[in-house]
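Worksheet for the structure shown next.
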Amino acid sequence: MSNQPITDMIETIERYAQLQPDYPVYNVLGEEHTYGQLKADSDSLAAHIDQMGLPEKSPVVVFGGQEYEMLATFVALTKSGHAYIPIDSHSALERVSAIVEVAEPSLIIAINEFPIENPAAPIMSLEQVREAYAAQHAYDLQHPVKGDDNYYIIFTSGTTGKPKGVQISHDNLLSFTNWMITDKEFATPERPQMLAQPPYSFDLSVMYWAPTLALGGTLFALPSAITQDFKQLFATIFSLPIAIWTSTPSFADMAMLSEDFNAEKMPGITHFYFDGEELTVKTAQKLRERFPNARIINAYGPTEATVALSAVAVTDEMLATLKRLPIGYTKEDSPTFIIDEAGNKLPNGEQGEIIVSGPAVSKGYMNNPEKTAEAFFKFEGLPAYHTGDVGTMTDEGLLLYGGRMDFQIKFNGYRIELEDVSQNLNKSKYIDSAVAVPRYNKDHKVQNLLAYVILKEGVKEQFEREIDITKAIKEDLENIMMSYMMPSKFLYRDSLPLTPNGKIDIKGLISEVNNR
Numbered sequence: 001m002s003n004q005p006i007t008d009m010i011e012t013i014e015r016y017a018q019l020q021p022d023y024p025v026y027n028v029l030g031e032e033h034t035y036g037q038l039k040a041d042s043d044s045l046a047a048h049i050d051q052m053g054l055p056e057k058s059p060v061v062v063f064g065g066q067e068y069e070m071l072a073t074f075v076a077l078t079k080s081g082h083a084y085i086p087i088d089s090h091s092a093l094e095r096v097s098a099i100v101e102v103a104e105p106s107l108i109i110a111i112n113e114f115p116i117e118n119p120a121a122p123i124m125s126l127e128q129v130r131e132a133y134a135a136q137h138a139y140d141l142q143h144p145v146k147g148d149d150n151y152y153i154i155f156t157s158g159t160t161g162k163p164k165g166v167q168i169s170h171d172n173l174l175s176f177t178n179w180m181i182t183d184k185e186f187a188t189p190e191r192p193q194m195l196a197q198p199p200y201s202f203d204l205s206v207m208y209w210a211p212t213l214a215l216g217g218t219l220f221a222l223p224s225a226i227t228q229d230f231k232q233l234f235a236t237i238f239s240l241p242i243a244i245w246t247s248t249p250s251f252a253d254m255a256m257l258s259e260d261f262n263a264e265k266m267p268g269i270t271h272f273y274f275d276g277e278e279l280t281v282k283t284a285q286k287l288r289e290r291f292p293n294a295r296i297i298n299a300y301g302p303t304e305a306t307v308a309l310s311a312v313a314v315t316d317e318m319l320a321t322l323k324r325l326p327i328g329y330t331k332e333d334s335p336t337f338i339i340d341e342a343g344n345k346l347p348n349g350e351q352g353e354i355i356v357s358g359p360a361v362s363k364g365y366m367n368n369p370e371k372t373a374e375a376f377f378k379f380e381g382l383p384a385y386h387t388g389d390v391g392t393m394t395d396e397g398l399l400l401y402g403g404r405m406d407f408q409i410k411f412n413g414y415r416i417e418l419e420d421v422s423q424n425l426n427k428s429k430y431i432d433s434a435v436a437v438p439r440y441n442k443d444h445k446v447q448n449l450l451a452y453v454i455l456k457e458g459v460k461e462q463f464e465r466e467i468d469i470t471k472a473i474k475e476d477l478e479n480i481m482m483s484y485m486m487p488s489k490f491l492y493r494d495s496l497p498l499t500p501n502g503k504i505d506i507k508g509l510i511s512e513v514n515n516r
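In the UniProt record's numbering, the protein residues as written are 1 to 516.
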């Protein structure tokens, strides 16, 4: 039977608590929690929150990692009519205080110890949360989050200035969830057994919890203490009975460092869902070799349009013939267009900015009318958002990605896409991964291009000097890369910095190069 759309997230979770109370909803390294327990705990906590007399619909910060209590708290807040703001416990202190400052929450629920003393809102500790569960209060859904009410608010990592809180409503969430559970590209099975690795403060997490809860499945949490320790990570991953792997491509690359990450050792994996950064042909090919029968989904979309707006199952033909994978067929309820600089729609095949419209588009950034006005607008009568991404639409309705508008540079008169340079560098037989970064002169014109490079194992030992490695890489790529795209300087590293969301921190590298 094919999956049916849902009309209300909380009512759906409540229904599973009645239908399958003993079925596991959350598994943290073998510690299981059932749908019945999730209902009892969230009811009891919602009753406690109601008694606190918080302003109606006021947002609440939830601080922690991948603990079960995070999920139970999110559900309790939705039941009691409050939007939640997830903050990962590995966030930098400045980021945490900036979010609290912008969001003005009425309460902070600290599943992990909160790092700021005397914040402007009361703190509820893990101990108090567990006391609320233990009270076992029944709860009558009088004023849950509904319709256009904010369901969650996720802060995107603005590298400059204050972070922006993207407000996602219950309607926005339904638009995404129903597409994901009924779309033929995702082909999400009933009762999905899903990896829960991306932190809740990253909206890629919605790609695992929303379909899993909507379809009565189980989430297998991977705490970040484990993901940051290679030995533990590999020992743990192989013991998880997951069928669906949801992550950034970078995290899959990390998993593939282990020879054992393959279909023989993990026969249960049937689907890979990727979003959050570009899935390269190279990563998808490696994955196809390791898991020949798994379905690999490349999804695309900004946080501001609720997780993703397009998806496609990667085919062998794409891997054999394309330099860059398409980013998907757009979801039916979200008209997506390519526009020129004047805001006019462009025909298929022409490159411009991707804009998305429809019911998944956020109402804007929390307490930030200025940034909201810059990015959100009305297009053909529908709420719309400027993605800042360059793209093309094919006649078949496939969206092609052309990089970030802010990662496009002019160099020696040429318009160069930084991601394009990085992808070409990654084709070298000597390079494991590389990113291209511009260095600007005092007039903010690009002076030269630099490459940060991680070499493949054993390459360094083949050469006496770094200059010889650089020469070999340039020779290796001379038939692939235009000479004007070739970086003039290569910087060799053992690792590259990642953002809290596990993407290569290109903006951080750009500022490192330009602030020397």
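Glycine is no exception: its CB is placed at the ideal position from the N, C-alpha and C atoms. Being a predicted model, the structure only gives us computed values, none of them experimental.
C-beta atoms of residue i and residue j nearer than 8 Å
i	j	result
residue 273	residue 306	no
residue 276	residue 204	yes
residue 197	residue 227	yes
residue 439	residue 514	yes
residue 518	residue 480	Lying outside 1 to 516, the shown extent of the chain, residue 518 is not represented and no answer is given.
residue 102	residue 367	yes
residue 500	residue 250	no
residue 111	residue 64	yes
residue 209	residue 219	yes
residue 393	residue 467	no
residue 5	residue 188	no
residue 107	residue 54	yes
residue 357	residue 341	no
residue 299	residue 271	no
residue 446	residue 409	yes
residue 313	residue 290	no
residue 83	residue 145	yes
residue 137	residue 47	yes
residue 201	residue 87	yes
residue 45	residue 134	no
residue 185	residue 328	yes
residue 452	residue 434	yes
residue 260	residue 234	yes
Chain-order list of residues whose beta-carbon lies under 6 Å from that of residue i (same chain, five-residue window excluded)
i	result
residue 421	436 and 485
residue 489	450
residue 469	463
residue 36	17 and 21
Outcome for residue i when other beta-carbon atoms lying within 10 angstroms are tallied against a minimum of 16
i	result
residue 216	buried
residue 413	exposed
residue 239	exposed
residue 352	buried
residue 293	exposed
residue 266	buried
residue 222	buried
residue 407	buried
residue 7	exposed
residue 494	exposed
residue 120	exposed
residue 207	buried
residue 325	buried
residue 124	buried
residue 27	buried
residue 487	buried
residue 362	buried
Any chain B beta carbon closer than 8 Å to residue i
i	result
residue 296	Among the chains of the structure shown, chain B does not appear; only one protein chain is present.
Proximal residues to residue i (C-beta, below 7 Å), its chain only, five neighbours per side dropped
i	result
residue 164	155, 156, 158, 365, 368 and 371
residue 50	80
Contact set for residue i: own chain, Cβ-Cβ below 8 Å, skip 5 residues either direction
i	result
residue 116	93, 96, 97 and 100
residue 9	78, 151, 170, 173, 174, 177, 210, 213 and 214
residue 402	351, 389, 390, 391, 392 and 417
residue 269	242, 243, 244, 245, 263, 291 and 294
residue 252	245, 272, 274, 283 and 287
residue 43	76, 79, 137, 138 and 139
Inter-stretch contact at 8 Å, needing at least 3 Cβ pairs: the region 61 to 74 / the region 327 to 338: no
Beta strand (DSSP E) runs wholly inside the region 448 to 508, at least 3 long, in chain order: 489 to 492
Three CB pairs or more closer than 8 Å across the region 391 to 403 and the region 375 to 382: no
Unbroken stretches of the beta strand (DSSP E), 3 residues or longer, contained in the region 217 to 291: With a minimum length of 3 residues, the continuous beta strand (DSSP E) runs that stay inside the region 217 to 291 are 218 to 221, 244 to 247 and 271 to 274.
Beta strand (DSSP E) runs wholly inside the region 85 to 160, at least 3 long, in chain order: 107 to 110, 123 to 125 and 150 to 156
Touching by the beta-carbon criterion (3+ pairs, under 8 Å), the region 463 to 483 and the region 494 to 512: no
Complete alpha helix (DSSP H) runs within the region 346 to 422 (minimum length 4 residues, chain order): 369 to 375
At least three beta-carbon pairs within less than 8 Å, the region 278 to 286 to the region 307 to 319: yes
Secondary structure, beta strand (DSSP E): runs of 3+ residues fully inside the region 18 to 62: 24 to 28 and 31 to 34
Length-filtered (4 minimum) alpha helix (DSSP H) runs lying within the region 157 to 206: 170 to 182
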